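These notes concern the structure reproduced below.
Numbering (the numbering used here), first residue to last: 64 to 157.
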(Lines of atoms letter the chains of each structure in order from A and count residues from 1; the text may use other names and numbers.)
(Lines give C-alpha, C1' and ligand atoms only; values in the text may rest on other atoms or scores of the structure.)
Protein backbone atom coordinates (compact mmCIF):
# COMPACT_ATOMS: atom_id res chain seq x y z
CA UNK A 1 0.00 0.00 0.00
CA UNK A 2 2.68 2.50 0.93
CA UNK A 3 5.21 1.41 -1.67
CA UNK A 4 6.21 4.43 -3.73
CA UNK A 5 4.37 7.05 -1.68
CA UNK A 6 6.11 10.32 -0.91
CA UNK A 7 4.46 10.93 2.48
CA UNK A 8 3.97 8.92 5.66
CA UNK A 9 1.14 6.40 5.69
CA UNK A 10 0.06 4.87 8.99
CA UNK A 11 -2.32 1.94 9.15
CA UNK A 12 -4.16 0.38 12.05
CA UNK A 13 -6.99 -2.12 11.69
CA UNK A 14 -9.42 -0.45 9.26
CA UNK A 15 -7.95 3.07 9.49
CA UNK A 16 -5.43 4.62 7.12
CA UNK A 17 -3.76 8.01 7.60
CA UNK A 18 -1.66 9.93 5.10
CA UNK A 19 0.39 12.65 6.79
CA UNK A 20 2.69 15.36 5.53
CA UNK A 21 3.77 18.96 5.89
CA UNK A 22 2.57 21.21 3.09
CA UNK A 23 4.22 24.60 2.68
CA UNK A 24 4.58 24.73 -1.12
CA UNK A 25 2.56 23.83 -4.20
CA UNK A 26 5.02 21.00 -4.90
CA UNK A 27 4.29 19.50 -1.47
CA UNK A 28 0.56 19.85 -2.12
CA UNK A 29 1.00 18.00 -5.41
CA UNK A 30 2.97 15.24 -3.64
CA UNK A 31 0.03 14.66 -1.26
CA UNK A 32 -2.36 14.49 -4.22
CA UNK A 33 -0.10 11.99 -6.01
CA UNK A 34 -0.09 9.81 -2.89
CA UNK A 35 -3.89 9.97 -2.68
CA UNK A 36 -4.06 8.94 -6.35
CA UNK A 37 -1.70 6.00 -5.63
CA UNK A 38 -3.84 4.89 -2.68
CA UNK A 39 -6.94 5.02 -4.86
CA UNK A 40 -5.26 2.91 -7.57
CA UNK A 41 -4.08 0.43 -4.93
CA UNK A 42 -7.62 0.07 -3.57
CA UNK A 43 -9.05 -0.50 -7.07
CA UNK A 44 -6.36 -3.07 -7.91
CA UNK A 45 -7.18 -4.95 -4.69
CA UNK A 46 -10.95 -4.69 -5.19
CA UNK A 47 -11.25 -2.47 -2.14
CA UNK A 48 -12.86 0.88 -1.56
CA UNK A 49 -12.11 3.76 0.80
CA UNK A 50 -15.09 5.24 2.61
CA UNK A 51 -14.94 8.73 1.15
CA UNK A 52 -17.54 10.02 3.61
CA UNK A 53 -14.99 9.54 6.40
CA UNK A 54 -12.11 11.33 4.66
CA UNK A 55 -10.98 14.62 6.18
CA UNK A 56 -8.18 17.09 5.55
CA UNK A 57 -6.95 18.68 8.77
CA UNK A 58 -5.38 22.10 8.24
CA UNK A 59 -3.24 23.45 11.07
CA UNK A 60 -2.14 27.04 11.76
CA UNK A 61 -3.50 30.53 11.14
CA UNK A 62 -1.62 31.20 7.86
CA UNK A 63 -2.56 27.92 6.23
CA UNK A 64 -3.38 28.20 2.49
CA UNK A 65 -6.02 25.44 2.95
CA UNK A 66 -5.27 23.45 -0.19
CA UNK A 67 -7.99 21.15 -1.49
CA UNK A 68 -7.54 17.47 -2.30
CA UNK A 69 -9.65 15.01 -4.24
CA UNK A 70 -10.26 11.28 -4.14
CA UNK A 71 -12.79 9.13 -5.92
CA UNK A 72 -13.85 11.92 -8.24
CA UNK A 73 -14.84 14.29 -5.42
CA UNK A 74 -13.28 16.84 -3.10
CA UNK A 75 -12.29 15.75 0.42
CA UNK A 76 -13.94 17.63 3.29
CA UNK A 77 -11.65 19.98 5.23
CA UNK A 78 -11.36 21.00 8.88
CA UNK A 79 -9.26 23.75 10.45
CA UNK A 80 -7.37 23.37 13.71
CA UNK A 81 -5.90 26.66 14.91
CA UNK A 82 -2.76 25.89 16.84
CA UNK A 83 0.36 27.99 17.36
CA UNK A 84 2.50 25.68 15.22
CA UNK A 85 3.79 26.36 11.73
CA UNK A 86 3.58 23.03 9.82
CA UNK A 87 0.44 22.16 7.89
CA UNK A 88 -0.52 18.53 8.32
CA UNK A 89 -2.78 16.44 6.14
CA UNK A 90 -4.43 13.22 7.20
CA UNK A 91 -7.12 11.04 5.79
CA UNK A 92 -8.78 8.21 7.62
CA UNK A 93 -10.95 5.46 6.26
CA UNK A 94 -13.02 3.09 8.34
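No residue lacks a Cβ here, since even glycine has one placed at the ideal position from N, Cα and C.
Computed from a prediction, not measured in an experiment: that's the story for all the values here.
Distance from the CA of residue 85 to the CA of residue 122, rounded to the nearest whole angstrom, comes to 10 Å.
For residue 125 and residue 115, the gap between their C-alpha atoms comes out near 27 Å. The continuous beta strand (DSSP E) containing residue 72 extends over residues 71 to 75.
Judged by their CB atoms, residue 91 and residue 81 are not nearer to each other than the 9 Å cut-off. In the structure shown, residue 109 adopts coil according to DSSP, grouped into three states.
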